[in-house]
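**Student:** Per my numbering, the sequence shown starts with residue 22, numbered consecutively. C-beta atoms are modelled at their ideal positions from N, C-alpha and C, and glycine is treated no differently. Source: prediction; values computed, not measured. Quick one: this structure, given as structure tokens, is what I'll be asking you about.
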Amino acid sequence: MYAASYDVDSVHVSPSLGVEESQLTNLFLLLIDEANSRAEVSVQRQIAQLINDLFGTETEQHASTYRFLLCVKTKSSRALLGAEVGASGVEGDDRGQDDIMIRLLKAVEFTSDDLAKIMLCRLLGGYMSHCKPAAAQRRQRRLLRLDGANFVMRALVTALKDPSQTSMHLVAVDALAAVLLAISAKDRKFTLKARLVGLIGALHSRLFASEELCTLTLLRLMCRCVRSSRNAQLLGRCRHFSTEIVARIGDASSAMGELSSLKLARLTEILYFVSKNKKCKSALLDEMAVPVVKRLFERQFEMRLSDTNHLELCLISLACLRQFSKMNRGRDQLISEGVLEMCEHAIDSVANDRHTLSPHSSILAPFLQLQDSLCSLCMRCLPVEPFPLCSSSLPISFTLPSTRSPLTVRRSASKSPSKSTRVPATAAVLSDILLDTAPSSDEEGEEEEEESFLRVGLDRDIEVLSEGGDDDDVVHALAASAKPLSFSRQKCAQLSANYTRFFNEYFHAACYPQSPGKSSTCKTRSPPSYSELITAKVQQTKSVIRFVKIAFPESIDANIEVGLQPIQHSDDCMREMVMQEMSRSKRHSEFVPRIVFDLDRLLESDTTTAKNAVKNNDKRRIGKLEPVDHLLFESRFESGNLRRVTQVGSRHYELILSPDINQSRAHYQWFYFEVSNNEANVPYTFEVVNCIKSTSMFSKGMQPVLFSVTEASRGRPGWVRAGSSVCYYRNLYANTSTATRNNSNKKNGISRKKKGSSSSTRSFFSIRFTITFQHAADICYIAYHFPYTYSFLQASLEYMTGRLSKADSAYMRVDKLCDTLAGNAVPLITITATGSREEVDRREVVVLSARVHPGESNASWMMHGVIEFLLGSSANATELRDNFVFKLIPMLNPDGVINGSHRCSLAGVDLNRVWDRPSPLLHPSVFHAKGVIQYVVDVLKKKPFVFVDFHGHSRRCNVFVFGNNPEESWRISDRSLEHDSQFMLLPELLDQSSRLFSLGECRFSITKAKEPSARVVIWRQFDIRRVYTMEATYCGFDVGPYAGNHVGISELKEMGRDLCMVLLPLKSRVDASTKKTQSERRRAKSESGSASELLSSS
22 MYAASYDVDS VHVSPSLGVE ESQLTNLFLL LIDEANSRAE VSVQRQIAQL
72 INDLFGTETE QHASTYRFLL CVKTKSSRAL LGAEVGASGV EGDDRGQDDI
122 MIRLLKAVEF TSDDLAKIML CRLLGGYMSH CKPAAAQRRQ RRLLRLDGAN
172 FVMRALVTAL KDPSQTSMHL VAVDALAAVL LAISAKDRKF TLKARLVGLI
222 GALHSRLFAS EELCTLTLLR LMCRCVRSSR NAQLLGRCRH FSTEIVARIG
272 DASSAMGELS SLKLARLTEI LYFVSKNKKC KSALLDEMAV PVVKRLFERQ
322 FEMRLSDTNH LELCLISLAC LRQFSKMNRG RDQLISEGVL EMCEHAIDSV
372 ANDRHTLSPH SSILAPFLQL QDSLCSLCMR CLPVEPFPLC SSSLPISFTL
422 PSTRSPLTVR RSASKSPSKS TRVPATAAVL SDILLDTAPS SDEEGEEEEE
472 ESFLRVGLDR DIEVLSEGGD DDDVVHALAA SAKPLSFSRQ KCAQLSANYT
522 RFFNEYFHAA CYPQSPGKSS TCKTRSPPSY SELITAKVQQ TKSVIRFVKI
572 AFPESIDANI EVGLQPIQHS DDCMREMVMQ EMSRSKRHSE FVPRIVFDLD
622 RLLESDTTTA KNAVKNNDKR RIGKLEPVDH LLFESRFESG NLRRVTQVGS
672 RHYELILSPD INQSRAHYQW FYFEVSNNEA NVPYTFEVVN CIKSTSMFSK
722 GMQPVLFSVT EASRGRPGWV RAGSSVCYYR NLYANTSTAT RNNSNKKNGI
772 SRKKKGSSSS TRSFFSIRFT ITFQHAADIC YIAYHFPYTY SFLQASLEYM
822 TGRLSKADSA YMRVDKLCDT LAGNAVPLIT ITATGSREEV DRREVVVLSA
872 RVHPGESNAS WMMHGVIEFL LGSSANATEL RDNFVFKLIP MLNPDGVING
922 SHRCSLAGVD LNRVWDRPSP LLHPSVFHAK GVIQYVVDVL KKKPFVFVDF
972 HGHSRRCNVF VFGNNPEESW RISDRSLEHD SQFMLLPELL DQSSRLFSLG
1022 ECRFSITKAK EPSARVVIWR QFDIRRVYTM EATYCGFDVG PYAGNHVGIS
1072 ELKEMGRDLC MVLLPLKSRV DASTKKTQSE RRRAKSESGS ASELLSSS
């Protein structure tokens, strides 16, 4: 029991407070004391009544009212509990604030009077809300650290079980629920706590007891609880729940009024989350939930133009119907109830309504979302077709080195491998299958298609879960916090042997070797041209699939910048697509589909063993049509990805992408192919049919990129955004063999495949776009994003090195860090200023890496901008070289890039999930990249000043970073780590200086799934404070001066320059902070010494 020790008469209140505020402060402290000491209810009620008389609305909104929670002082404290908040707004001592805050939270839990509960909840709510935004965030983090939600939750469960139904009690219950929602807004373990404390059952009993007890606040709280699938399942299995909620929704849908519609929305939202569970869904179908939800939609749809509440209800009810459509029985009920006809009629009505709405109307965006939701439901009701490709694997694979056992690689990553043999790829891939099961930073939110109504912004009180989920990380959090994490680490002798040659500047100065004198008659050979370099580099590049050509954009230099292009929002493309599919399903098409490109067949028929020299002859081909009546396709070039093309209409082509080689988990996103034999000014529809992500920026206006050889030959080269009627949606294809196999496994007692594995994909999504080619018989290249190949990197580095004058102050060296599995060299670039060993030793080390995921070509373009800027002659570049040594690893996964993979290396795993214990045998680039960082820390005794890993993000706009905030870690032990918010310095500086950066998109949480990633491992293992993943959009910008425009090569390189530019002011801030900390420590040590002397003399 926490002892109550406050003497109210001794409380010192700031002289700036008024008399009433002083009295209010004393009364609150008294109430807190009495509640903690379990005083009589009448005593607590009397104090609460006095507080109620003084605690008016105006007083509640004053920030000074809550100052005593920051700066209270008592006679009995062994130290001051806090310092007063001065004009600077700096809050008091953490220990003092924690002391009073814990007492306040305990008072909320222990008080037995309803009015006292209400007053204390108002105090907590005002403390969190009536202050500046930065202070509000600090206070919320403090309550999160003190586990404030648990105190309030226990108080609420007790209150919910109280049979009293007085008006005061109902208000107290609502007050507790409201403050719990506020406190838990960022509590990632809220749903687990709710389940353990019994909140789900208590809320269920209250909500369905009577209409009066079912308040809007409690419904919002239940919605927050059931975002967890386990909680939703628990609620769904409560006795009579299915009957109760269907009946309640049916009754409530006939009521009128804004409050009723708000409550109905929350009830329907609860129904949605519960219906995600298969057994609960079946029970709801038994209760005839489909016709009830259908009637709800129809009624709300009639009032769609009146206010946003009705639109929100339409969206939630459609989400429920989509859930029901996932079961065959549910789909049959939808069809029999006429849902397809209802959707068809509603789509036409929405299209007509949109023409009457102002472009600036607040309901225009929800209207477009409603149209897309209706289209999605229509697609769910149409007949499913089997996926046209039986095997997910290519007929070619890459043989991997053998491993001793599935776990040996991860346990002995720092040891030298024994003599290896060659084994089939599948054996080695299976040993690493666990390394590719965690989602990437842009694969979070697999249910975004279903839960889009949560993001419509209609109800600001709904908290959308942040990345990682609530329950994913918490099941073993307590045990894991006590268990130390294990990382691979090389011995000093290994470090010296492996990496000393990469740090010559620290031992032999940063200078170029003196070249021997040459005869005056000897001609100086000019450096090779880019065309010569790229041709040579492509021949040296080692691929799994034999290439037949060099892609034309690469042959003439892909580094061509074009102007900004606006994001193209096509509001009608989804509606048009659905209408076409519905029409096609009703009548038999006379066109017989035919395969016009089949990579599998080409690979099987290719018996060539020797590698032939490849070149490009596109210029000679343009203007000439082949004697076939369809487009021609090709993808057998570097970074190309296209597996099969089926012509399903006269000008409609379905495309299937190739998997990552040896992949253990399905990845289909990156595409890059050539198309030719086209007519001019004729629309061709391309549809990539085997995507697996539930959402994409293609549904938000993003366009693919196109390079026209004809345009380039006429002096207008460059990649441009192209395509109209671009949309992204769940298509009608399903991997029916998966369902059959799962049913068979279930009968035989075999566990099902992990989610996301290559063979577990049951449904697919399509990227659909239409291109009208400007020139007949053109040769065009179409890609997901601006390609950046390994050969282009190698040619660019040699080109830059050859043109770098040795008289300049810039020092650049390109080393081979290691070889990949296929034998391609991984480059390590050193850039700094020329100087002596002593000068170099004074410089900070900055480590930047990119392209661990091969499909994220935008990461390479940012790195390209870094390299170009650092080698430039500007004053800023010169100053950066004088202050830093840059170690750049521009391509961590060359094999994946070369072979057109999206995410994996040839080992079939995500290399950004092996940083904790990388294998030198299977993950050499990561093993040695980590070794370079360890060398800086252990041998040079210099922690890298900044580490940034460049990535691309497929679900968000702008450029942003992920960092490491210990307070937001899944590991409980991390939250007690001391830090001075160093992780915020770089993003804050970027937000102030960069036109592309968005601080609002940044996240700093540490989830269990990201533990083996570069960002978390480098921060945790080497204690480097400023470690980031920088994510660049594939699409464009929705904030800043570039808002409404696509991102391009120019903007990505600009972001690389912007990152470099903030390093100098960041260094100034860090240096100033370090000096201040050292000064404070010296002063504290001096004061401690003086106190010791005083005690000794006494």
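Do you know how far the Cα of Tyr148 is from the Cα of Leu228?
**Tutor:** 29 Å
**Student:** Let me know if Ser263 comes out buried or exposed under the rule of 16 or more other beta-carbons within 10 Å of its beta-carbon.
**Tutor:** In the assembly as shown, Ser263 is a buried residue. Its beta-carbon has 16 or more other beta-carbons within 10 Å.
**Student:** I need the straight-line Cα distance from Leu389 to Thr289, nearest angstrom please.
**Tutor:** 21 Å
**Student:** Please go through the stretch 58-86 and give each complete alpha helix (DSSP H) segment of 4 or more residues, from N-terminal end onward.
**Tutor:** 62-75, 78-81
**Student:** Any contact of the stretch 841-859 with the stretch 922-942, i.e. 3+ C-beta pairs under 8 Å?
**Tutor:** Using a C-beta cut-off of 8 Å, the stretch 841-859 makes contact with the stretch 922-942, since at least three inter-stretch Cβ pairs fall below that distance.
**Student:** Taking the alpha carbon of Glu575 as the reference point, which residue from Trp740, Gln586, Gly670, Pro704 has its own alpha carbon closest?
**Tutor:** Trp740
**Student:** Over what stretch of residues does the alpha helix (DSSP H) that includes Lys563 continue unbroken?
**Tutor:** Per DSSP, Lys563 belongs to no alpha helix (DSSP H) and is neither H nor E.
**Student:** For Cys399, tell me which candidate among Thr420, Ser379, Ala367 has the shortest Cα-Cα distance.
**Tutor:** Ala367
**Student:** Just reading off the beta strand (DSSP E) that His885 is part of, what are its end residues?
**Tutor:** Careful: His885 lies outside any beta strand (DSSP E), inside the alpha helix (DSSP H) at 878-891.
**Student:** Alpha carbon to alpha carbon, how far is Pro422 from Asp916? Give it in angstroms, no decimals.
**Tutor:** 15 Å
**Student:** Alpha carbon to alpha carbon, how far is Glu41 from Asn47?
**Tutor:** 10 Å
**Student:** Between which two residues does the beta strand (DSSP E) carrying Tyr750 extend?
**Tutor:** 745-755
**Student:** Below 8 Å, can you find three or more Cβ-Cβ pairs linking the stretch 1022-1036 to the stretch 984-1004?
**Tutor:** yes
**Student:** Below 7 Å between beta carbons: does that hold for Leu892 and Ser946?
**Tutor:** no
**Student:** With respect to the alpha helix (DSSP H) encompassing Leu202, which residues constitute its N-terminal and C-terminal limits?
**Tutor:** 188-204
**Student:** Assuming contact is defined by CB atoms lying nearer than 7 Å, are Ser878 and His974 in contact in what I supplied?
**Tutor:** no
**Student:** Contact defined as beta carbons within less than 8 Å: I believe Ser881 pairs with Ile910. What is the distance between those atoms, to the nearest angstrom?
**Tutor:** At roughly 11 Å, the Cβ-Cβ gap does not stay under 8 Å, so Ser881 and Ile910 are not in contact.
**Student:** Looking at the structure shown, is His331 part of a helix, part of a strand, or coil, going by DSSP?
**Tutor:** Looking at His331 - three-state DSSP - the assignment turns out to be helix.
**Student:** Would you give the residue range spanned by the beta strand (DSSP E) that Glu708 belongs to?
**Tutor:** Run containing Glu708: 704-712, per the beta strand (DSSP E) assignment.
**Student:** Just reading off the beta strand (DSSP E) that Ala831 is part of, what are its end residues?
**Tutor:** 831-840
**Student:** If I follow the unbroken beta strand (DSSP E) through Arg665, where does it start and stop?
**Tutor:** In the DSSP annotation of this structure, the continuous segment of the beta strand (DSSP E) that includes Arg665 starts and ends at 665-670.
**Student:** So for Ala1030, helix, strand or coil by DSSP?
**Tutor:** Looking at Ala1030 - three-state DSSP - the assignment turns out to be helix.
**Student:** Could you check where the alpha helix (DSSP H) with Val957 kicks off and where it finishes?
**Tutor:** 945-959
**Student:** Would you call the stretch 1044-1052 in contact with the stretch 961-975, where contact means no fewer than 3 C-beta pairs closer than 8 Å?
**Tutor:** yes
**Student:** Kindly list the residues whose CB is nearer than 8 Å to the CB of Leu624, restricted to its own chain and excluding five residues on each side of it in sequence; keep chain order.
**Tutor:** Excluding sequence neighbours, Leu624 sits near Leu415, Pro416, Ile417, Ile566.
**Student:** Can you confirm whether the stretch 638-651 touches the stretch 678-694 when touching is taken to mean that 3 or more C-beta pairs between the two stretches lie within less than 8 Å?
**Tutor:** No, the stretch 678-694 is not in contact with the stretch 638-651.
**Student:** Arg1104 by DSSP, collapsed to three states: which one?
**Tutor:** helix
**Student:** In chain order, what residues of the same chain lie with their CB nearer than 6 Å to the CB of Gly351, ignoring the 5 residues before and after it?
**Tutor:** Excluding sequence neighbours, Gly351 sits near Leu306, Phe345.
**Student:** Per DSSP, which one or two residues make a beta bridge with Leu1011?
**Tutor:** None, per the DSSP bridge assignment.
**Student:** I need the DSSP call for Glu647, collapsed to helix, strand or coil.
**Tutor:** coil
**Student:** Could you spell out the range, first to last residue, of the beta strand (DSSP E) harbouring Met1051?
**Tutor:** 1048-1054
**Student:** Is Trp662 helix, strand or coil by DSSP?
**Tutor:** Before going on, a small fix: residue 662 reads as Asn here, not Trp. If DSSP states are grouped into helix, strand and coil, Asn662 belongs with the strands.
**Student:** List the residues that DSSP assigns as beta-bridge partners of Phe728.
**Tutor:** Paired residue(s): Tyr802.
**Student:** Determine the direct distance from the alpha carbon of Ser746 to that of Glu1022, and round the result to whole angstroms.
**Tutor:** 28 Å
**Student:** In whole angstroms, what is the alpha-carbon distance linking Leu283 and Ser610?
**Tutor:** Between Leu283 and Ser610, the C-alpha separation is close to 46 Å.
**Student:** Can at least three beta-carbon pairs, one atom from the stretch 583-596 and one from the stretch 711-731, be found at a separation below 8 Å?
**Tutor:** yes
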